[in-house]
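*Asks:* Protein chains in written order, with the working numbering: chain U, 11 to 475; chain H, 141 to 210.
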Amino acid sequence: MSRSIDALTAKPIRRILVANRGAVAARVIRAAHQLGIEAVAVYSSADSDLPYLRDADAIVCIGDAPAVASYLNQDAVLQAASDTGADAIHPGYGFLSENAAFAEKVEAAGLCFIGPSARWIRELGHKTAARELMREHHMPMTRSSEVLGDDVDIITKIACDMGFPLLLKPANGGGGIGMLPVRSADQVASAWKQAKSIATKAFGAAELYFETLIDEPRHIEFQFLADRYGQVRCLFERDCSIQRRNQKVIEEAPAPGLSRNEVDVMAERLEGILSRIGYDVIGTVEMLYTPATGFTFLEVNTRLQVEHAVTEEVTGIDIVSAQIRLAAGEKIDAVLPARIECHGHAVEARIYAEDPVRFFPSAGMLETFTLPVGEGLRVETGYAAGCRVSSHYDPMLAKVIAHGPDRATAIARLSMALDRFKVSGVKTNIPYVQCVLADADFAEGRINTRLGATVSVRSATPTLA
Amino acid sequence: MSTVSSPLSGRVIALSVQAGDAVQPGTPLLVVESMKMEIPVEAETSGVVARLLVAEGDEVTEGQAVVEFQ
Numbered sequence: 011m012s013r014s015i016d017a018l019t020a021k022p023i024r025r026i027l028v029a030n031r032g033a034v035a036a037r038v039i040r041a042a043h044q045l046g047i048e049a050v051a052v053y054s055s056a057d058s059d060l061p062y063l064r065d066a067d068a069i070v071c072i073g074d075a076p077a078v079a080s081y082l083n084q085d086a087v088l089q090a091a092s093d094t095g096a097d098a099i100h101p102g103y104g105f106l107s108e109n110a111a112f113a114e115k116v117e118a119a120g121l122c123f124i125g126p127s128a129r130w131i132r133e134l135g136h137k138t139a140a141r142e143l144m145r146e147h148h149m150p151m152t153r154s155s156e157v158l159g160d161d162v163d164i165i166t167k168i169a170c171d172m173g174f175p176l177l178l179k180p181a182n183g184g185g186g187i188g189m190l191p192v193r194s195a196d197q198v199a200s201a202w203k204q205a206k207s208i209a210t211k212a213f214g215a216a217e218l219y220f221e222t223l224i225d226e227p228r229h230i231e232f233q234f235l236a237d238r239y240g241q242v243r244c245l246f247e248r249d250c251s252i253q254r255r256n257q258k259v260i261e262e263a264p265a266p267g268l269s270r271n272e273v274d275v276m277a278e279r280l281e282g283i284l285s286r287i288g289y290d291v292i293g294t295v296e297m298l299y300t301p302a303t304g305f306t307f308l309e310v311n312t313r314l315q316v317e318h319a320v321t322e323e324v325t326g327i328d329i330v331s332a333q334i335r336l337a338a339g340e341k342i343d344a345v346l347p348a349r350i351e352c353h354g355h356a357v358e359a360r361i362y363a364e365d366p367v368r369f370f371p372s373a374g375m376l377e378t379f380t381l382p383v384g385e386g387l388r389v390e391t392g393y394a395a396g397c398r399v400s401s402h403y404d405p406m407l408a409k410v411i412a413h414g415p416d417r418a419t420a421i422a423r424l425s426m427a428l429d430r431f432k433v434s435g436v437k438t439n440i441p442y443v444q445c446v447l448a449d450a451d452f453a454e455g456r457i458n459t460r461l462g463a464t465v466s467v468r469s470a471t472p473t474l475a
Numbered sequence: 141m142s143t144v145s146s147p148l149s150g151r152v153i154a155l156s157v158q159a160g161d162a163v164q165p166g167t168p169l170l171v172v173e174s175m176k177m178e179i180p181v182e183a184e185t186s187g188v189v190a191r192l193l194v195a196e197g198d199e200v201t202e203g204q205a206v207v208e209f210q
């Protein structure tokens, strides 16, 4: 590890700059205050009316509405930290959270980056490099190619040698963007051209590779917290199989219907690998699962995730507070209880500002925004009535998390909450989420990454069509 | 004179047609970017483009007319 223990323990965090917006900014400010740490919020000119800015100890406008001018503007963020006397930066998720160069700049400025060391962001953020590392540690995974070149004939031959179906993926990608299925040799050329164009635009790099496609898998991921001294703990798994266009919509913990033994064995193996490589602070290992293949490695997310709240609900552990303390150099035994237990079941729905039938984004003014309250219920949002939902950013309005003694109760509580969640001024995906929650396969736990696409608001509510 | 309107608020990032172009149902007219997604706007009927009511880079609101047909 590059940093000495003395340097870490000698410098407790006093003031965190939150380099993000929306629900996660509000969440980090709250966690900081609970730890007795001050919080600085940054905002773009489009976000000056967001409610959590009032909770911050200082606020700084870092630029215009487009993310490149504000939330992705590294110099503006670092300047704001310097101007406000912040000694740490929490990157949230998205934006600069998995940017190794930014993490290095934060450290070079003498600040604490509240995330893993930059080397892990760099090494594990690159998909084929992460696969290579995990393969060395004997993680099960599907076949994959090296990063592909530019010769379509050679690429087609590689595809045919691997066998179909394949998934063409950007090596620098994330968020499910630019992934294309390839089911036969004659689809290779057009898929490659399209994926290359998307990857270049979205990630600034056109590196692509093939993975053997697993049809209708479940998406299961393992949450880890780690200190700077090689101690790693797993906080159980989440099932994030319910997705639309490769975007997660409903997440839950624990994963329904899996053998606890199979899950525990994988959690322990991953804990061992992350500990051996010296991984630090926070991360999630994403896996695919089918009964036939078991778990296969997908990727590592080197940041806090949107869906961390379901794990917090079942374990009772404040993951954001733990992330801050671990980044500051505290040891894992001081931060986490000796034994981490999973109590009951938690389900989260991401509420997006989008048309629930056509899935178009829906920007506009939140005329009504009345959050539900109830037993076992938690809502995370960065918005309030009267705020504008800008077309410049991610469409997530809120996360609604329901916890209960069992899965059926948690689902029922979530569904009742969504009935009481009143939004007007923009369209939301609430009708779609309600259709999924009412789906017989979902209720029985027969879930996979295809299910979200098979449910539609029209087909599930014929009386309204 | 008929028009096509944007189905969402966002920014016009590409125009695929110009005045005088004949279009069929499904012909891509323009692309609107919003919330990190690119949404293609397509012609719903056949016709000939009379003029474009927006330029690349323009912000549009949901329901705003973007292409006028002859």
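Glycine included, C-beta positions come from ideal geometry on N, C-alpha and C. On a predicted model such as this, the values are computed, not experimentally measured, just so you know.
Mapping the DSSP letters down to three states, classify L428 (chain U) as helix, strand or coil.
*Replies:* Three-state DSSP puts L428 (chain U) in a helix.
*Asks:* If you drop the 5 nearest sequence neighbours on each side, which residues of the same chain put their C-beta closer than 6 Å to that of V171 (chain H)?
*Replies:* I153, A154, E178 and P180.
*Asks:* Hey, how far is the Cα of L121 (chain U) from the Cα of V446 (chain U)?
*Replies:* Computed Cα separation, rounded: 44 Å.
*Asks:* In the stretch 330-400 of chain U, which residue ranges form an unbroken beta strand (DSSP E) of at least 3 residues, counting only runs that do not cross its ends?
*Replies:* For the stretch 330-400 of chain U, whole beta strand (DSSP E) runs of length 3 or above, ordered along the chain, are 355-362, 378-380 and 387-391.
*Asks:* Could you give the uninterrupted runs of the beta strand (DSSP E) lying entirely in the stretch 299-323 of chain U, keeping only those of 3 residues or more?
*Replies:* Runs of the beta strand (DSSP E) inside the stretch 299-323 of chain U: 304-311.
*Asks:* Let's see if you can read the secondary structure: which residues bound the alpha helix (DSSP H) around K167 (chain U)?
*Replies:* That run of the alpha helix (DSSP H) goes V162 to M172.
*Asks:* Cβ atoms of S194 (chain U) and M172 (chain U): under 8 Å apart, would you say?
*Replies:* No, they are not a contact pair.
*Asks:* Is the separation between the beta-carbon of H355 (chain U) and that of L298 (chain U) shorter than 8 Å?
*Replies:* No.
*Asks:* V389 (chain U) and V410 (chain U): beta carbons closer than 8 Å?
*Replies:* Going by C-beta atoms, V389 (chain U) is nearer than 8 Å to V410 (chain U).
*Asks:* Shortest alpha-carbon distance to V52 (chain U) belongs to which of U:M144, U:N439, U:G46 and U:V87?
*Replies:* Answer by Cα proximity: U:V87.
*Asks:* Which runs of the alpha helix (DSSP H) spanning at least 4 residues fall entirely within the stretch 26-114 of chain U, listed in chain order?
*Replies:* You should have 32-44 and 84-94.
*Asks:* Rounded to whole angstroms, what's the CA-CA distance from E296 (chain U) to D404 (chain U)? Just pull it up for me.
*Replies:* Distance between the alpha carbons of E296 (chain U) and D404 (chain U) is about 22 Å.
*Asks:* Any residues in the stretch 406-430 of chain U with a beta carbon nearer than 7 Å to a beta carbon of chain H? Which ones, in chain order?
*Replies:* Residues passing the 7 Å Cβ filter: none.
*Asks:* Would K432 (chain U) be called buried (16 or more neighbouring beta carbons within 10 Å of its own) or exposed?
*Replies:* With fewer than 16 Cβ atoms within 10 Å of its Cβ, K432 (chain U) is classed as exposed.
*Asks:* Could I get the ranges of all uninterrupted beta strand (DSSP E) runs contained in the stretch 209-271 of chain U, with 3 residues as the minimum, in chain order?
*Replies:* Qualifying beta strand (DSSP E) stretches, in chain order: 218-222, 228-236, 242-254 and 257-263.
*Asks:* Answer yes or no: do A236 (chain U) and P22 (chain U) have a C-beta to C-beta separation smaller than 8 Å?
*Replies:* No, the Cβ-Cβ distance between A236 (chain U) and P22 (chain U) is not below 8 Å.
*Asks:* With DSSP as the reference, please indicate the residues paired to R191 (chain H) in a beta bridge.
*Replies:* For R191 (chain H), which the question treats as bridged, DSSP gives the partners H:E208.
*Asks:* Between the Cα of V320 (chain U) and those of U:E262, U:I165, U:T306 and U:D416, spot the shortest distance and give me the residue it belongs to.
*Replies:* It is U:E262.
*Asks:* Give me the chain H residues within the contact set of G374 (chain U), using Cβ-Cβ distance strictly less than 8 Å, ordered along the chain.
*Replies:* The contacting residues are S149 and E202.
*Asks:* How long is the line joining the alpha carbons of I72 (chain U) and G267 (chain U), rounded to whole angstroms?
*Replies:* Those two C-alpha atoms are separated by around 47 Å.
*Asks:* By the 10 Å Cβ neighbour count, where 16 or more other Cβ atoms means buried, how is I69 (chain U) classified, buried or exposed?
*Replies:* Classification for I69 (chain U): buried.
*Asks:* Let me know if S401 (chain U) comes out buried or exposed under the rule of 16 or more other beta-carbons within 10 Å of its beta-carbon.
*Replies:* Classification for S401 (chain U): buried.
*Asks:* What distance in whole Å lies between the Cβ atoms of L376 (chain U) and A395 (chain U), which are believed to be in contact at a cut-off of 8 Å?
*Replies:* With a Cβ gap of about 6 Å, A395 (chain U) and L376 (chain U) count as contacting.
*Asks:* Would you call K258 (chain U) buried or exposed, if buried means 16 or more other Cβ atoms sit within 10 Å of its Cβ?
*Replies:* K258 (chain U) should be labelled buried.
*Asks:* Bridge partners of I440 (chain U), per DSSP?
*Replies:* I440 (chain U) is not bridged to any residue.
*Asks:* Return helix, strand or coil for V198 (chain U), following the three-state DSSP convention.
*Replies:* If DSSP states are grouped into helix, strand and coil, V198 (chain U) belongs with the helices.
*Asks:* Ends of the beta strand (DSSP E) at M481 (chain U)?
*Replies:* The requested residue 481 (chain U) is not part of the displayed model; chain U covers only 11 to 475.
*Asks:* Can you tell me whether G104 (chain U) is buried or exposed? The criterion is at least 16 other CB atoms within 10 Å of its CB, across all chains shown.
*Replies:* Result: buried.
*Asks:* Identify the continuous beta strand (DSSP E) that holds L176 (chain U) and give its terminal residues.
*Replies:* L176 to P180 is the extent of the beta strand (DSSP E) around L176 (chain U).
*Asks:* To the nearest angstrom, report how far apart D67 (chain U) and V50 (chain U) are at their CA atoms.
*Replies:* Approximately 6 Å between the Cα atoms of the pair.
*Asks:* Check for me: the alpha helix (DSSP H) holding R468 (chain U) runs from which residue to which?
*Replies:* Start and end: V467 to A470.
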